[in-house]
Amino acid sequence: HYTLQALARAWRFGQASLPDTFVFRVSRARARRPIQGRLASFFDVHAFLVPSNPDADADDAAASEQLVELASLVADDLVEVRLKSVDPSAPLVLVKPVRKLDRSG
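Heads up, the sequence shown is in our numbering, so the first residue is 34 and it goes up one at a time.
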């Protein structure tokens with residue numbers, strides 16, 4: 034849980050530098066959202082991939098949805114993501130898609 038606390042403090046309060054994006058590996062794709070997975074590029078932290086915020090810039094949300102068709106994701110797919118919410122007390126990490134990555138690396 035210390036990893037999640039450190040992530041939250043760095044993300045919310047700027048107490049450490051973080052990359053702009055992370056690599057999310059799909060663990061279990063379901064017909065319903067959110068999609069379960071892990072931040073493969075950050076200590077394998079458990080996270081949920083959720084659709085882009087509909088209240089955000091419409092062009093940005095539409096662009097990310099076009100690049101990542103969430104319904105088509107399967108286990109072990111890789112997605113570049115941005116943090117949306119980090120709550121160490123839940124514990125819960127929500128991420129939003131940026132683009133789908135090639136599985137071969």
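Positions of the beta carbon are idealized from the N, C-alpha and C atoms, including for glycine. For clarity, every value in this text was computed on a predicted model and none was experimentally measured.
Note that the region 127-137 touches the region 100-114; at least 3 beta-carbon pairs, one per stretch, sit closer than 8 angstroms. Around the beta carbon of Val107, fewer than 16 other beta carbons sit within 10 angstroms, so the residue counts as exposed. Between the C-alpha atoms of Leu116 and Gly47 there is a straight-line separation of about 13 angstroms.
At the C-beta level, Pro121 and Gln69 stay beyond 7 angstroms of one another. For Val59, the closest alpha carbon among the candidates Ala123, Asp53, Phe81 and Tyr35 is that of Phe81.
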